[in-house]
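In what follows, a structure is listed as structure tokens, so that the remarks can point back to it.
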Amino acid sequence: MAYWILEFIKVFIGYAFLMYVWPSVIFRKKLSGKSLTFRFAFCSTVSVLLLNTLVLGLGLLHILKGWIVFAAFYGIFAVSILREGKLRKYVSRQLQTLLAGTLGWKSLLADLLRECKALIADLLRKLDEKTKGKKIEYSILSVLMVFAIIYFSYGAFQNHSYGSGDMYVHHAWIYGLKEGQIFSAGVYPEAMHCFIYCMDALFGVSIYSCLLFLGEIHVTALLAAVYCLFRETLRSKYTVYLILAAFLTIDVVYTAEIYGISRLQYTIPQEFGLYSLFLCVMYLVRFMRRNTEDGNKKRGFDENLFLFMTSLAVSLAIHFYVTIMAFFLCASFAVFGINRIFRKRNFWSLATAILVGVIISTTPMVLAFASGIPLQGSLNWGMNIINGTDTKEGRTKAAQVVMEQGQKTEENKAAEADSNENPLSGQSKLHNQIKATDKNKTDKNETNVKVTKTSLAEKIIQIVLNNLKAVYRYGYAQLYRGNRANWLIGFTLAAVLLSIINMGITIVRFKKIPFEMYAGITFASVLFMILYAAPFLGLPEIIAGARLCLPEQILLLAMMVIPADELFFLLEKTRIGCFMPQISFAGVLAIYAGTNYFGVFHGYLYYELTRYNSAVELTNKIMDDYPQYSYTIISTTEELYQSIEEARHEEILEFYNRSKQEDYYIPTEYLFFYIEKNPIYYAQHHFFSGPRWLAQDKYTKYYEYTTAVLSIGDNIEHGEISEELVGESLTIMGKASDAYSIIGNRRILESEMYYWCQEFKTRFPYELKVYYEDEDFICYVVKQNPEHLYNLGE
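Residues in the sequence shown are numbered from 2 upward in steps of one, following this note's numbering.
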């Protein structure tokens with residue numbers, strides 16, 4: 002555990018320096034006197050954009066080398082520091098005295114230590130000034146962030162493998178950057194990959210550790226962005242703590258939502274870029290507000306528009322889905338201030354900012370595509386979601402089946418209702434038909450027009466009602482079940498009512514149409530729910546439904562606190578206002594206690610488990626104990642990514658096929674055979690278990706009717722190896738990874754290698770040794786003479 006704690010600390014320090022410290026130093030004059038909100042938004046967007054541009058630019062010039070990135074990064078940092086006259090003179094003086102022999106190394110180090118202490122003291126003093134009068138607020142925010150890091154990183158300390166299969170793909174792409182090849186799998190937004198590559202090149206933090214821990218640490222950026230947005234858009238600056246506390250404590254009750262929340266544990270592009278989604282909206286709102294509130298007539302770019310541009314550029318440079326979400330979220334707010342957007346002085350500035358943001362983020366991708374690099378396959382996946390052909394995450398085909406079944410049910414009900422009417426005799430039927438025909442002829446001119454008008458209106462109303470019912474049924478009710486869905490509808494109606502009241506007060510009192518934030522928040526929560534339910538409305542699924550659950554959860558919570566925000570706003574106008582920080586702190590504690598008391602405290606999340614912890618720990622030990630590339634690990638694919646810079650790797654499937662040949666050699670001194678005595682169910686949903694103050698064991702019950710393989714805590718679902726499986730044929734596979742994801746294939750392969758080792762031991766009893774063994778896993782080692790290799794074939 003100590004090793005992983007140390008790796009976590011290294012990732013945290015590297016992330017903090019790269020994301021915040023480096024741009025704070027380089028652009029200190031630009032940031033001088035700015036608020037902490039501005040500093041956060043500037044550093045978190047500009048740093049990612051600069052690193053993305055630097056790495057991809059070097060790659061396009063075919064000079065992407067670690068030492069060049071290192072020299073550029075630290076060179077710029079050093080030059081920026083030495084531009085300070087006092088510091089330059091101090092360094093010059095110290096070097097002169099050192100070279101003259103009048104100053105020893107110990108004295109120099111002591112002087113540097115004193116200067117560092119003075120610098121830290123000065124930084125703390127400035128931070129104290131920035132947070133003056135807000136210490137309770139920032140303390141609450143800090144506690145919430147620490148809680149989030151512990152909650153989302155808990156799984157990585159329990160199981161030291163990647164939690165999502167996508168992370169192995171992203172590891173391969175980042176390793177491609179280390180080899181000097183950008184877009185190694187095709188053109189795709191690579192800002193996150195460039196960021197992790199720089200962490201490895203600049204601080205020596207392994208790619209494996211970065212991917213294991215960075216996502217959980219980066220959750221703080223998402224929380225900070227949510228904090229900034231709703232502190233800006235809500236009327237009270239204290240309500241946002243309730244949103245964050247609720248998001249971090251209230252449970253979810255549907256598998257898609259559990260999946261959406263679990264993705265925050267993984268270092269993957271969409272979740273890495275989500276913070277920019279909320280920054281985009283915040284700075285668009287600020288830009289739209291500036292002209293009417295402060296009377297500023299200045300044309301062109303201002304600071305708010307600049308940060309909107311960088312936030313948009315970052316979203317596009319990290320993941321296209323984030324940009325699409327940003328469009329809908331910005332539109333939700335902008336529609337209530339549409340008149341401000343189309344003012345001449347605003348429109349062209351905003352259009353220019355969007356254009357520049359798109360150019361900054363897409364230029365490297367466009368140039369790479371123009372140079373002959375093809376597009377990455379994920380872009381086709383995104384299009385398949387929209388056109389409805391994807392069935393893994395897309396729901397269009399499932400929605401079509403549901404809608405067809407619903408239509409048949411309605412037709413059956415109508416037919417059944419007709420058949421249940423009292424039957425008429427043939428004479429009675431004929432009499433009634435003649436009577437009805439005569440009446441229709443008599444009143445034809447009068448009733449025809451009336452019926453046509455009524456039927457058209459009823460048809461429109463019926464379509465609207467059906468769509469609203471579908472949004473409720475396949476959106477609110479599906480994600481939040483009956484009672485919670487009803488509560489959400491109630492809160493939505495309350496938020497609409499408060500929006501109308503506030504707009505009415507503003508119109509009457511100030512004689513102007515307000516840019517109403519409550520309306521924007523409420524409309525955004527409804528719009529994202531419509532996007533989720535889109536396939537059931539006959540609309541294209543623009544974004545895979547499960548990917549929308551996380552931002553939708555935040556928007557719904559923001560909408561639900563609108564009544565509390567009104568109350569907080571009114572309290573701030575009274576004598577109680579000076580106690581609002583304490584009241585908000587009490588509110589956070591009440592949410593934590595209440596969710597525990599009422600049984601709605603969140604649950605532990607899951608990893609898609611792919612190997613035993615013992616295999617991870619053993620790989621680390623081998624990498625520490627043996628010279629680089631002096632050994633080969635024969636195992637499933639997962640060890641390849643962990644050991645790619647230290648060891649050679651042979652797939653079990655490759656070993657299985659080649660060991661049946663007459664001649665088969667592996668040219669390294671040591672061979673390590675990783676064998677699962679109890680082959681693991683690949684990518685099973687492995688839920689964690691731990692202390693109740695952090696989370697509860699509760700989410701597995703929602704998978705009762707799914708095909709997912711589930712496990713909890715120390716209990717891992719697995720099969721067994723058997724000598725009877727030796728010689729059995731593998732199931733036909735579309736690709737090599739299927740050999741490990743199908744439990745039948747995995748059992749055969751592990752059995753084949755285990756009994757191959759037993760047979761090898763009969764031939765060479767002193768060469769094959771047990772290097773490690775527990776009840777689930779065993780590792781054999783063979784030491785061979787590189788000049789006289791063992792023939793591993795038949």
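Glycine is no exception: its CB is placed at the ideal position from the N, C-alpha and C atoms. As the structure is a prediction and not an experimental result, all values here were calculated from the model.
- Shown here for residue 499: same chain residues with a beta carbon closer than 8 Å to its own, the five before and five after excluded, namely 519, 563, 564, 567 in chain order.
- Contact annotation: residue 285 and residue 229 have beta-carbon atoms that are not nearer than 8 Å.
- At the C-beta level, residue 150 and residue 233 stay beyond 8 Å of one another.
- The alpha helix (DSSP H) runs of length 4 or more contained entirely in the region 154–227 are, from start to end of the chain, 167–179, 192–204.
- Per DSSP, residue 542 is not a residue of any alpha helix (DSSP H), being assigned neither H nor E.
- By the 16-neighbour rule on beta-carbons within 10 angstroms, residue 536 is buried.
- Its chain contains 256, 686, 711 as the residues whose beta carbon lies nearer than 7 Å to that of residue 704, once the 5 sequence neighbours on both sides are disregarded; these appear in chain order.
- Per DSSP, reduced to three states, the secondary structure at residue 710 is coil, with no helix or strand assignment.
- Of the other Cβ atoms in all chains shown, fewer than 16 fall within 10 Å of the Cβ of residue 390; this residue is therefore exposed.
- With a 10 Å radius around the Cβ and a threshold of 16 neighbouring Cβ atoms, residue 161 comes out buried.
- Between residue 373 and residue 547 the beta-carbon gap is near 35 Å, outside 8 Å, which marks them as no contact.
- For residue 688, the three-state secondary structure derived from DSSP is strand.
- Residue 544 is positioned such that its CB atom lies closer than 8 Å to that of residue 532.
- In this structure, the alpha-carbon of residue 784 lies about 18 Å from that of residue 755.
- Taking C-alpha positions only, residue 761 is separated from residue 778 by approximately 19 Å.
- Taking 8 Å as the cut-off, the beta carbon of residue 169 is found closer than this to the beta carbon of residue 642.
- Residue 188 is positioned such that its CB atom lies no closer than 8 Å to that of residue 2.
- For the pair residue 112 and residue 97, the Cα-to-Cα distance works out to about 14 Å.
- Restricting attention to alpha helix (DSSP H) runs no shorter than 4 residues, the region 319–372 encloses them at 321–335, 339–342, 345–371, ordered along the chain.
- Secondary structure of residue 649 (DSSP, three-state): strand.
- For residue 44, there is no enclosing beta strand (DSSP E); the enclosing alpha helix (DSSP H) has its first and last residue at 37–61.
- Taking 8 Å as the cut-off, the beta carbon of residue 688 is found no closer than this to the beta carbon of residue 780.
- For the options 287, 183, 213, 79, the alpha carbon positioned closest to that of residue 231 is the one of 287.
- Annotation: the continuous beta strand (DSSP E) that includes residue 636 extends over 632–636.
- Residue burial annotation: residue 554 is buried, with at least 16 other C-beta atoms found within 10 angstroms of its C-beta.
- Contact between the region 45–54 and the region 233–246 is absent: fewer than 3 CB-CB pairs across the two stretches fall below 8 Å.
- If you draw a straight line from the Cα of residue 304 to the Cα of residue 393, it is about 42 Å long.
- As a beta-bridge residue in DSSP terms, residue 681 pairs with 719.
- Taking 8 Å as the cut-off, the beta carbon of residue 786 is found no closer than this to the beta carbon of residue 665.
- Rounded to the nearest angstrom, the gap between the Cα atoms of residue 627 and residue 651 is 17 Å.
- Distances from the alpha-carbon of residue 268 to those of 320, 310, 289, 258 put 320 closest.
- Counting C-beta pairs closer than 8 Å gives three or more between the region 183–202 and the region 66–85, which meets the contact rule.
- Between residue 743 and the set 663, 660, 654, the nearest pair of CA atoms involves 654.
- In the DSSP assignment, residue 492 falls within the unbroken alpha helix (DSSP H) covering 478–511.
- Taking the Cα positions, residue 386 is about 16 Å away from residue 324.
- Inclusion of residue 596 and residue 251 in the CB contact set at 8 Å is warranted, their separation being smaller than that value.
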